[in-house]
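Here is the structure we will look at.
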Amino acid sequence: MRKIKLEFPCCGKEVTATLLDEYEPKCAQQMWDFLETPKKTFCHPTISTGDLAVCFPRTPRERPADVGDQTTPMTDKSPYLCTGDDDMSVKLGDVLWNGYFFTFVYGDSLTEPLVSGGGKVAVVDPECIEDLKIAGKDLWYHTIFYHTIGIVVASRKEN
Numbered sequence: 153m154r155k156i157k158l159e160f161p162c163c164g165k166e167v168t169a170t171l172l173d174e175y176e177p178k179c180a181q182q183m184w185d186f187l188e189t190p191k192k193t194f195c196h197p198t199i200s201t202g203d204l205a206v207c208f209p210r211t212p213r214e215r216p217a218d219v220g221d222q223t224t225p226m227t228d229k230s231p232y233l234c235t236g237d238d239d240m241s242v243k244l245g246d247v248l249w250n251g252y253f254f255t256f257v258y259g260d261s262l263t264e265p266l267v268s269g270g271g272k273v274a275v276v277d278p279e280c281i282e283d284l285k286i287a288g289k290d291l292w293y294h295t296i297f298y299h300t301i302g303i304v305v306a307s308r309k310e311n
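In this text, residue positions in the sequence shown follow this note's numbering: the first is 153, and each later residue adds one.
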């Protein structure tokens, strides 16, 4: 199993997630390739629609060949940004890949009734869920209270 690591320097938390190579092989491989070297991203959590954070790396000089958005998703399995129990919803710990940026769900409440545009590529490991909740809420605090940019560093988790 391939794993990725998300580091949250602002609060000192680190979580690992297992790639969903069988569920979404193309998008999982794209994210793995993207993380050939660690990527420092700035993070924008949703303000009022739930526990979701979008992480943007430095914008590429050339447009990536395959980028998904809400009007043209990368995959027919691109979930809606609402928490739920079915495959077309997201859950706490889900990581989504949109072609050059990624999104993760850090809580149980998300009410954005739009298609994510990306593929569900990883799930945060169960032993890391509490740290993910803390780190996600800290990113939200950075936006709402501190008015500073939250940072997430994504990388491959090598065995």
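The beta carbon of each residue, even a glycine, is placed where N, CA and C say it ideally should be.
Opposing strand residues paired with residue i [DSSP bridges]
i, result
"Glu166", "Glu159"
"Ile303", "Phe194"
"Leu171", "Ala274"
"Glu264", "Leu233"
"Asp180", "Position check: residue 180 holds Ala in this sequence, whereas Asp was assumed. Answer by DSSP bridge pairing: none, since Ala180 is not bridged."
"Leu204", "Val257"
Candidates the options: closest to residue i by CA position
i, options, result
"Phe194", "Gln182, Pro225, Glu159 and Asp239", "Glu159"
"Pro161", "Met153, Val267, Thr263 and Asp283", "Asp283"
"Asp228", "Gly202, Ile199, Ser268 and Ala217", "Ser268"
"Pro197", "Asn311, Val305, Lys289 and Glu310", "Lys289"
"Arg313", "Cys179, Ala169 and Gly164", "Residue 313 lies beyond the residue range present for the chain, which begins at 153 and ends at 311; the question has no answer from this structure."
"Gly202", "Trp292, Val305, Ala274 and Thr300", "Trp292"
"Pro265", "Tyr252, Glu279 and Val242", "Val242"
"Gln182", "Met226, Glu279 and Pro278", "Met226"
"Arg215", "Tyr252, Leu171 and Leu172", "Tyr252"
"Leu248", "Leu204, Glu174, Cys163 and Arg213", "Leu204"
Backbone CA spacing between residue i and residue j [nearest angstrom]
i, j, result
"Pro190", "Arg308", "7 Å"
"Thr295", "Glu176", "31 Å"
"Ile286", "Thr224", "32 Å"
"Ser261", "Val219", "26 Å"
"Lys272", "Asn311", "22 Å"
"Val206", "Gly245", "13 Å"
"Thr235", "Asp221", "19 Å"
"Glu279", "Trp184", "22 Å"
"Val275", "Asp238", "15 Å"
"Ile303", "Leu187", "16 Å"
"Cys179", "Ile281", "23 Å"
Outcome for residue i when other beta-carbon atoms lying within 10 angstroms are tallied against a minimum of 16
i, result
"Tyr298", "exposed"
"Asn250", "buried"
"Thr263", "exposed"
"Ile199", "exposed"
"Thr255", "buried"
"Ile301", "exposed"
"Gly313", "Any question about residue 313 goes unanswered here, given that the chain covers just 153 to 311."
6 Å Cβ shell around residue i - same chain, five flanking residues per side excluded
i, result
"Pro209", "Lys191 and Thr193"
"Glu166", "Glu159"
"Val305", "Glu159, Pro190 and Lys192"
Same chain only: Cβ atoms within 7 Å of residue i, ignoring 5 sequence neighbours per side
i, result
"Met240", "Pro231 and Tyr232"
"Cys163", "Ile286, Ala287 and Asp290"
8 Å Cβ cutoff, residue i in contact with chain C
i, result
"Asp173", "Here chain C cannot be found, since the structure has a single protein chain."
Neighbourhood of residue i by C-beta, 8 Å cutoff - its chain only, sequence neighbours within 5 removed
i, result
"Arg213", "none"
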